[in-house]
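One structure is given here, and the rest of the page talks about it.
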Amino acid sequence: MREQVIQGGMGLGLSVPLLARAVSTRTGPPWGLGTVSGTAVNVVMARVLQNGSRDKGCEGFLRALEEFPFPDVAKSVIDTWYVSSGIPKGKRYRTVEMFTLEPSPELINLTVCANFAIVWLAKEGHHNRVSINYLEKVNMPLIYSFVGAMLAGVDYVTMGAGIPTQVPGVLDTITQGRPAEYRIPIGGGDGKSRLMNF
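All residue numbers for the sequence shown refer to the numbering used here, where the first residue is 567 and numbers rise by one.
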């Protein structure tokens with residue numbers, strides 16, 4: 567790996583595709599590895615799509631969704647969240663449901679598509695490496711997030727806020743096209759956990 571600078575995958579709306587692309591396409595030295603933040607990117611994309619044409623990011627998300635390899639899934643996300651002229655002033659935005667141990671198909675589709683889109687946008691127009699960063703402690707969306715990022719060809723997955731011991735095996739399983747599972751610890755300190763499958 568020739569990268570000499572790894573851009574941090576800071577939280578919501580900071581490590582965006584434009585920044586990651588700028589770092590990854592730098593003609594160095596130092597060369598860089600651009601990183602997008604995958605944390606709550608489903609919420610970000612839902613909000614941007616509801617802003618419609620008023621939001622500069624909306625066109626990018628729509629462009630990325632056109633490239634999603636499962637068009638029916640992308641269409642369902644667009645049909646659910648996209649408001650072409652934007653939510654009118656004074657009207658409430660539709661909120662994204664919170665993750666539970668049994669997320670709805672709508673939430674799974676949004677999460678997979680959003681992670682695909684943010685990586686696709688960071689890689690748009692070049693073939694250099696791009697990373698995505700997640701928080702291990704925000705673990706319920708991870709298995710679906712990984713799939714979306716990998717469908718877009720993410721090169722690296724970085725993790726913070728926890729010890730990601732499960733991640734290498736989960737990524738290998740997804741790469742092999744097999745059903746993957748992620749163990750979610752249940753509070754109380756007694757070691758109990760539940761599995762999320764995809």
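Built from N, CA and C at the ideal position, the CB exists for glycine as well.
inquiry  = If I follow the unbroken beta strand (DSSP E) through V602, where does it start and stop?
reply    = Taken as a continuous stretch (DSSP letters only), the beta strand (DSSP E) holding V602 covers G598 to S603.
task = Go ahead and pull the three-state DSSP assignment for P751.
result = Correct three-state label for P751: strand.
ask   = Can you tell me whether Y710 is buried or exposed, with buried defined as 16 or more other CB within 10 angstroms of its CB?
value = Residue burial is scored here from C-beta neighbours: Y710 has at least 16 other C-beta atoms within 10 angstroms and is therefore classed as buried.
query = So, helix, strand or coil for M762, using DSSP?
reply = Here DSSP, grouped into helix, strand and coil, assigns M762 to strand.
ask   = Assuming I740 contacts A746 under a Cβ cut-off of 8 Å, what Cβ separation, rounded to an integer in Å, is found between them?
value = Between I740 and A746 a beta carbon distance of about 5 Å is seen, short of the 8 Å cut, so the two are scored as contacting.
request  = In angstroms with no decimal places, state the Cα-to-Cα distance between K657 and V614.
outcome  = In a straight line, the C-alpha of K657 is about 15 Å away from that of V614.
ask   = Hey, quick one: how far does the alpha helix (DSSP H) through L667 stretch, first residue to last?
value = Per DSSP, L667 belongs to no alpha helix (DSSP H) and is neither H nor E.
key: Cβ neighbour criterion (16 or more within 10 Å) applied to T677   = Burial call: buried.
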